[in-house]
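Colleague:
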Amino acid sequence: MPVAASAIYFLNLRGDVLINRTYRDDVGGNMVDAFRTHIMQTKELGNCPVRQIGGCSFVYMRISNVYIVIVVSSNANVACGFKFVVEAVALFKSYFGGAFDEDAIKNNFVLIYELLDEIMDFGYPQNLSPEILKLYITQEGVRSPFSSKPKDKPVPNATLQVTGAVGWRREGLSYKKNEVFLDIVESVNLLMSSKGNVLRCDVTGKVLMKCFLSGMPDLKLGLNDKIGLEKESEMKSRPAKSGKTIELDDVTFHQCVNLTRFNSEKTVSFVPPDGEFELMKYRITEGVNLPFRVLPTIKELGRTRMEVNVKVKSVFGAKMFALGVVVKIPVPKQTAKTNFQVTTGRAKYNPSIDCLVWKIRKFPGQTESTLSAEIELISTMGEKKSWTRPPIQMEFQVPMFTASGLRVRFLKVWEKSGYNTVEWVRYITKAGSYEIRC
Amino acid sequence: MAPPAASQRYPSPSQPSGKSEVTDLKSQLRQLAGSRAPGVDDSKRDLFKKVISYMTIGIDVSSVFGEMVMCSATSDIVLKKMCYLYVGNYAKGNPDLSLLTINFLQRDCKDQDPMIRGLALRSLCSLRVPNLVEYLVGPLGSGLKDNNSYVRTIAVTGVLKLYHISASTCIDADFPATLKSLMLHDSDAQVVANCLSALQEIWSLEASHSEEACREKESLLSKPVIYYFLNRIKEFNEWAQCLILELAVKYVPSDSNDIFDIMNLLEDRLQHANGAVVLATVKVFLQLTLSMTDVHQQVYERIKSPLLTLVSSGSPEQSYAILSHLHLLVVRAPFIFASDYKHFYCQYNEPAYVKKLKLEMLTAIANESNTYEIVTELCEYAANVDIAIARESVRAVGKIALQQYDVNAIVDRLLQFLEMEKDYVTAETLVLVKDLLRKYPQWSHDCISVVGGISSKNIQEPKAKSALIWMLGEYAQDMSDAPYILENLIENWEEEHSAEVRLHLLTAAMKCFFKRPPETQKALGIALAAGMADFHQDVHDRALFYYRVLQYDVHVAERVVSPPKQAVSVFADTQSSEIKDRIFDEFNSLSVVYQKPSYMFTDKEHRGPFEFSDEIGNIPITPEASGDIVPAQQFEANDKDLLLSTDEKDDNKGVSITGSAYTAPSHDNSNISSQMQELAISGPATSAATPQSSFDFDDIFGLGLSTAPAPTPSPPLLKLNPRAALDPGAFQQKWRQLPISLTQDCSVNPQGIAALTVPQSLIKHMQSHSIHCIASGGQSPNFKFFFFAQKESEPSSNYFTECVINSSSAKAQIKVKADEQSTSQAFATVFETALSEFGMP
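What follows is the structure in structure tokens.
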């Protein structure tokens, strides 16, 4: 059985139960005490998200200031358990308008009870799709889709959708203006050695969509990925267009994408859910364009002084710019005094994270800026321990830039009524874990 | 939906507050119960919310049960839901009151609105009160036939709930058959999925006592059923897909076409966004192709990419779940992942549990082509702030070195670690250098020169200290000041808290003495004296033994304590391949995360503070290989450490010669052991016959010590030969031939249980009662021993005993076989008496 969860608990950081639901009787009532004494009050917390105590296993996650704990008594499927928690939180968030924390739970506990009953029955996950659940469990209370009361929008047989085959879209939607928004969001992960060698570099990307389309539209998305283009040129028996093609290491799709057609024709075609959703995820390791180069030099001058020099170069197009650039430069714990100059932006010493935090609001392409700092250290008694330098970390967002070079070639919408649609496409590259050792 | 005032919710849920509030609520509810005034539903809602919020924070509100039920006559669905929730929570504790609710729940089950029908049915089934099951059958039956799929899904799970309350009611009503037909014919995917999970659970529980259920369970795995599910898998939601894939794993395909059909059907599942679906698919692929080696290989290649994507997306917890599985695959087929090593580089901010797995994977996939990069990376982590990870990294470098890829360079790195001057890095490195030396003695010169420079004062950890002391003893001839370092350490004997270190000091002093006698003589004398006065039994025994063996013959002593070493070729593996295979069979479950098969954490008897890593029945009685050294890997194969500590290895040699039978004595030593026993019993007198008799032995070491022979136990009714000898082959033969003459259960006293942390402790004890161990095995809480004994008067009359001890229940079971059947009862009495004295001071 995938997960026959015995119980689910929501705890605050002190270990008080905010809400709990017991689905099965095979675990004792005081599981939460076991969790508190054996995990929360020990160093175990954060050591491992799966723990066994007695005959039960605890699968737990911390989300903002809440612990969500699933208790299972059998040899359950862990991946399923975590995924369930993540999906449930996404569901709650969509109900609470974005926030999920202790207060949100306290303010909505009746609603959460209702949802917990619907999304899991006797330990087996049921439907967790917000689109469907919102049809009959609403913020204002429960609204029965079957009641004969007049409604603004006719909802055709919701239970069919509660359980049915096309779970992600209901029929009869209509919009005055038909619009599709498509965002390609990439995060670049980089690990660079102190000598400037790229140790590891990859891009994880997401294609996020927001659809406001009437009826049951069929969408087709074309990207400049290698396999797709090759397949296309093969089918139309003409040579592939020149230009950059991207090799995707791996792709996963939202359940609405017709995977059979993707495998045979390599096109992404789908009937989208209404509103916001994540269409696909991909990963790329080859040919990544790094948006920033970081060149650090750190000199330890004797035991009480250090010189830090960090140069950051933007290597994307000159017409583009990065926003919200933050460079965190680690300094030793015993830092006493810092002096620095920056060519752009502002820098500050943050003792709580032992870092110089250098912020640049807008960073144009093909430019560079530097920070040079002098650091005085408190001399420590006799200890000759050398300081182990954590890596420099960087945060940024570069709009209209993709580190992978991925582009949307076309996005076609087809619906039987033949309405016109407006398509919006955006690109953005963010820093994932962008680390430079120094 | 405001919660009640903060003062009521805090400070603690366990605080028995809220009494007056509950009484208050009760009266308010009572007022509203009969009222039909407009707006009454709103005030009811507020009250209900209050009740539910008290319930949530643990205040007992069961006293308002009656009032809640009275107020439940309403058409407001929110009120109904809250009422159902309340009833579901307290019904179990108030079976009599729950009868009140049956009425309105049954009525709601017939409501026009399918939503209410469904909710009522779910609540009815969730009451969990055994004496109310009769009221469930009717509504469930009509629920299963309901024309609304929402009600049917709930009814199906309801059947499963009923089964858990009262299996017989469920079976008698013939619900499983109804579910089966629903499963195969219902148009709604969720109904089908719930039928599947319910039937799987019911039939596997029934299978133990009903043949029919067994057949039904098998029929779920028949080809038509499997294909019925797989062909329409896309209609199911992600959770139900996991369920179906899990079912498909158990399917036995008829031929290779069948296998490829299924893989083709499922290939696109690997692209699913839900990691659980991907893992379940991976499991199907791996299990299907187990018998086809090359396809199995291709499967690994195919699944690599989706798994790596899942690792890098999602929360750390999710990637941990995926990584654990990847870890399993990496360890099984490291070469396939060898080129992907960069994916396992750690990020600075990753949680330690993720880093640890990654380190292990990097270790596993190191080969000729990537060792340099991997070791370079690992060396970075050794400087990590997180001490645990830094230690792991050093260990990982060592493990790679032991795999022999480019040892030269790695030894250099290890030595660099020593120069980092961090206590914990130095400590870990020392342990590793020691292991390296045991495997590659040819590196001794490079290592020793650096190790010699380390000040023993900076090393506190027992493991590291032991390693350093071992090296000092072993390579005394290469380190000019080895005797003086040892002398320093020995002078601080009293301050040394770890028995392990003291044992090592004794052995090292001996070894050093054989190599450089004049310089070590004094230190050895002090060590032996301190050791014999030591309160720790093992230290005391070893010191005494060294003393006596020196007294007997220095050359024999040298052969015993410091024989020419053979390089260790393979260190004992941590987990048997059988266990690994079992974990692999349980892919996509907790087993993989815990890295142990499910029976170890779900079966009650296997749980407990210690892991039990071998089935008690499988302990083989293998005759030990002859030779002076018992091969290290036969000793304590269950050791959790990758490497046996030198301590155990030295013990093994030393102790097997004394004849006190660690595990199984090697019988080539039997002449020495009998000599030693004579020595022990006859005391200093025999030493006169030794070549060293010309000088006063005690004076050499400055000891004035008279060795009193250990008092032999007062002879029981049956006299046993204290020096009986039998070789394991003969034991095995006899054990097969003889019938069991006696089986007996007895209990072991608590002190005995406390002493029985390793099998050796009991073996020593029984030895003192002239009952000898031929083989032993197991780990807490289950131990198994084979003993033999011989009648003192007649060497041909032997007793053979199998003794299984469960230390958690403090019970022992003994089976006795004897050459002379008539005396087996007498022997059993002796045995039991001996056992009962175990652990007594």
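Chains A and B, in that order, are what the protein sequence lines are.
Under UniProt numbering, the residues of the first sequence are numbered 1 to 438, in order.
Under UniProt numbering, the residues of the second sequence are numbered 1 to 841, in order.
Built from N, CA and C at the ideal position, the CB exists for glycine as well.
1) At a CB-CB cut-off below 7 Å, which residues of chain A make contact with B/Leu160?
2) Under three-state DSSP, which class holds A/Gln341?
3) Residues of chain A with a CB under 7 Å from the CB of B/Ile322: which are they?
4) Check whether the Cβ of B/His185 lies closer than 8 Å to any Cβ atom in chain A.
5) Quick one: is A/Pro390 buried, meaning 16 or more other Cβ sit within 10 Å of its Cβ, or exposed?
6) With a floor of 4 residues, list each alpha helix (DSSP H) that falls wholly inside the segment 249–310 of chain A, ordered by position along the chain.
7) List the whole-angstrom C-beta distance separating A/Asn289 from A/Gly405, where the pair is believed to meet the contact cut-off of C-beta under 8 Å.
8) Does the beta-carbon of A/Val312 have 16 or more other beta-carbons within 10 angstroms, so that it is buried, or is it exposed?
9) Which same chain residues end up closer than 7 Å to B/Leu503 when comparing Cβ atoms and leaving out the 5 residues on each side of it in sequence?
10) Are A/Phe122 and B/Thr169 closer than 8 Å when you measure CB to CB?
11) With distances taken Cα to Cα, identify the nearest neighbour of B/Ala240 among B/Ser796, B/Ser197, B/Asn231.
12) Any C-beta of chain B sitting closer than 8 Å to the C-beta of A/Val155?
13) On a Cα-Cα basis, can you pick out the residue from A/Gly81, A/Asp101, A/Tyr136 that is closest to A/Met120?
14) Of all the residues that make up the segment 51–82 of chain A, which are near chain B by a beta-carbon distance shorter than 7 Å?
15) Under the assumption that B/Phe229 contacts B/Ile244 (Cβ atoms under 8 Å), give the Cβ distance between them as a whole number of angstroms.
16) I'd like to confirm the pairing. Which residues does DSSP put opposite A/Leu377 in its beta bridges?
17) Can you tell me whether B/Ala523 is helix, strand or coil according to DSSP?
18) Along the chain, where does the alpha helix (DSSP H) containing B/Glu23 start, and where does it finish?
19) By the 10 Å Cβ neighbour count, where 16 or more other Cβ atoms means buried, how is B/His343 classified, buried or exposed?
20) Can at least three beta-carbon pairs, one atom from the segment 313–328 of chain B and one from the segment 351–371 of chain B, be found at a separation below 8 Å?
21) Going by C-alpha to C-alpha distance, which of A/Gly215, A/Tyr67, A/Cys438, A/Lys83 sits closest to A/Ile298?
22) Is the Cβ-Cβ distance between A/Leu301 and A/Thr335 less than 8 Å?
23) Could you work out which residues of chain B lie near A/Arg200, taking near to mean beta carbons separated by less than 8 Å?
24) Taking just the CA atoms, how far does A/Ile227 sit from B/Leu266?
25) How would you write the range of the alpha helix (DSSP H) that B/Ser836 sits in, first residue to last?
26) Less than 8 Å separating the beta-carbons of A/Arg24 and A/Ser6?
27) Cβ of B/Ala207 within 7 Å of any heavy atom in the ligand COA?
28) Of all the options B/Pro224, B/Glu238, B/Arg269, B/Leu182, which has the alpha carbon lying nearest to the alpha carbon of B/Tyr251?
29) Over the uninterrupted alpha helix (DSSP H) stretch that includes B/Lys358, give me the two end residues.
30) So for B/Ser560, helix, strand or coil by DSSP?
31) Would you please state the rounded distance, in angstroms, between the beta carbons of A/Val426 and A/Asp274? I believe it to be under 8 Å.
32) Which residues in the same chain have their Cβ closer than 7 Å to the Cβ of B/Trp735, if we skip the five residues on either side of it in sequence?
33) Within this structure, are the beta carbons of B/Gln566 and B/Lys515 separated by less than 8 Å?
34) Classify B/His769 as buried or exposed, calling it buried when 16 or more other Cβ atoms lie within 10 Å of its own Cβ.
35) Where does the unbroken alpha helix (DSSP H) through B/Arg122 begin, and where does it stop?
36) Rounded to the nearest angstrom, what separates A/Ile360 and A/Ala347 at their Cα positions?
Modeller: So, from the listed chains and residues:
1) One-based indexing of the second sequence puts residue 160 of chain B at position 160. Those within 7 Å of B/Leu160 in chain A are Phe122.
2) In the first sequence, the residue the question calls residue 341 of chain A occupies position 341. Strand, per DSSP.
3) Against the second sequence, residue 322 of chain B aligns to sequence position 322. Under the 7 Å cutoff, chain A gives Ala79.
4) Reading the second sequence from its first residue, position 185 is the one you call residue 185 of chain B. It does not; no Cβ of chain A falls within 8 Å.
5) What you label residue 390 of chain A is simply residue 390 of the first sequence in a count that begins at 1. So A/Pro390 counts as buried.
6) 259–265
7) For the purposes of this step, residue 289 of chain A is taken as residue 289 along the first sequence, with counting starting at 1. For the purposes of this step, residue 405 of chain A is taken as residue 405 along the first sequence, with counting starting at 1. The pair is a contact, with the Cβ atoms about 6 Å apart (cut-off 8 Å).
8) Numbered from its first residue, the first sequence carries residue 312 of chain A at position 312. With 16 or more Cβ atoms within 10 Å of its Cβ, A/Val312 is classed as buried.
9) One-based indexing of the second sequence puts residue 503 of chain B at position 503. Contacts found: Asp538, Val539, Arg542, Asp647.
10) Position 122 of the first sequence, counted from the first residue, corresponds to residue 122 of chain A. Position 169 of the second sequence, counted from the first residue, corresponds to residue 169 of chain B. No, these two residues do not count as a Cβ contact at 8 Å.
11) If you number the second sequence from 1, residue 240 of chain B lands on position 240. The shortest C-alpha separation from B/Ala240 is found at B/Ser197.
12) Sequence index remark: in the first sequence, residue 155 of chain A carries index 155 (1-based). Low confidence applies here, because A/Val155 scores a pLDDT of 40, under 50, leaving its location unreliable and the question unanswered by this model.
13) If you number the first sequence from 1, residue 120 of chain A lands on position 120. The candidate whose alpha carbon is nearest that of A/Met120 is A/Gly81.
14) Gln52, Gly55, Ser57, Met61, Ser74, Asn75, Ala76, Asn77, Val78, Ala79, Cys80, Phe82
15) Position 229 of the second sequence, counting from 1, holds the residue named residue 229 of chain B. Position 244 of the second sequence, counting from 1, holds the residue named residue 244 of chain B. The pair is a contact, with the Cβ atoms about 5 Å apart (cut-off 8 Å).
16) Taking the first residue of the first sequence as position 1, residue 377 of chain A is located at position 377. According to DSSP, which records beta bridges pairwise, A/Leu377 is partnered with A/Thr335.
17) In the second sequence, the residue the question calls residue 523 of chain B occupies position 523. DSSP places B/Ala523 in helix when its eight states are reduced to three.
18) Counting from 1 along the second sequence, the entry for residue 23 of chain B is found at position 23. One point to set straight first is that residue 23 of chain B is Thr, not Glu, in the sequence displayed. Note, B/Thr23: alpha helix (DSSP H), 19–33.
19) Within the second sequence, numbered from 1, the residue matching residue 343 of chain B stands at position 343. B/His343 should be labelled buried.
20) yes
21) For the purposes of this step, residue 298 of chain A is taken as residue 298 along the first sequence, with counting starting at 1. Per the Cα distances, A/Cys438.
22) In the first sequence, residue 301 of chain A corresponds to position 301, counting from 1. In the first sequence, residue 335 of chain A corresponds to position 335, counting from 1. Going by C-beta atoms, A/Leu301 is not nearer than 8 Å to A/Thr335.
23) Taking the first sequence and counting its residues from 1, the one referred to as residue 200 of chain A is at position 200. Under the 8 Å cutoff, chain B gives Lys342, His343, Tyr345.
24) In the second sequence, the residue the question calls residue 266 of chain B occupies position 266. In the first sequence, the residue the question calls residue 227 of chain A occupies position 227. Taking the straight line joining both Cα atoms gives about 21 Å.
25) Looking up residue 836 of chain B in the second sequence gives position 836. Where B/Ser836 is concerned, the enclosing alpha helix (DSSP H) stretches over 824–836.
26) Against the first sequence, residue 24 of chain A aligns to sequence position 24. Against the first sequence, residue 6 of chain A aligns to sequence position 6. A contact, by the Cβ cut-off of 8 Å.
27) In the structure shown, the ligand COA is absent, as is every other ligand, since no ligand is present at all.
28) The residue labelled residue 251 of chain B in the question sits at position 251 within the second sequence. Closest by alpha carbon: B/Pro224.
29) What you label residue 358 of chain B is simply residue 358 of the second sequence in a count that begins at 1. Per DSSP, B/Lys358 belongs to the alpha helix (DSSP H) from 352–365.
30) By one-based count along the second sequence, residue 560 of chain B stands at place 560. Per the sequence shown, the amino acid found at residue 560 of chain B is Val instead of Ser. Helix at B/Val560.
31) Here the question's residue 426 of chain A lines up with position 426 in the first sequence. Here the question's residue 274 of chain A lines up with position 274 in the first sequence. According to the sequence as given, residue 426 of chain A is Arg; it is not Val. Contact flag wrong, Cβ pair sits at about 20 Å.
32) By one-based count along the second sequence, residue 735 of chain B stands at place 735. Only Phe800, Lys817 meet the Cβ criterion.
33) Counting from 1 along the second sequence, the entry for residue 566 of chain B is found at position 566. Counting from 1 along the second sequence, the entry for residue 515 of chain B is found at position 515. Not a contact, by the Cβ cut-off of 8 Å.
34) Here residue 769 of chain B corresponds to residue number 769 of the second sequence, with the count starting at 1. Looking at its Cβ environment, which holds 16 or more other Cβ atoms inside 10 Å, B/His769 is buried.
35) Numbered from 1 along the second sequence, position 122 holds the residue referred to as residue 122 of chain B. Note, B/Arg122: alpha helix (DSSP H), 114–125.
36) Here residue 360 of chain A refers to the residue found at position 360 when the first sequence is read from its first residue. Here residue 347 of chain A refers to the residue found at position 347 when the first sequence is read from its first residue. Approximately 9 Å, taken between the alpha carbons.
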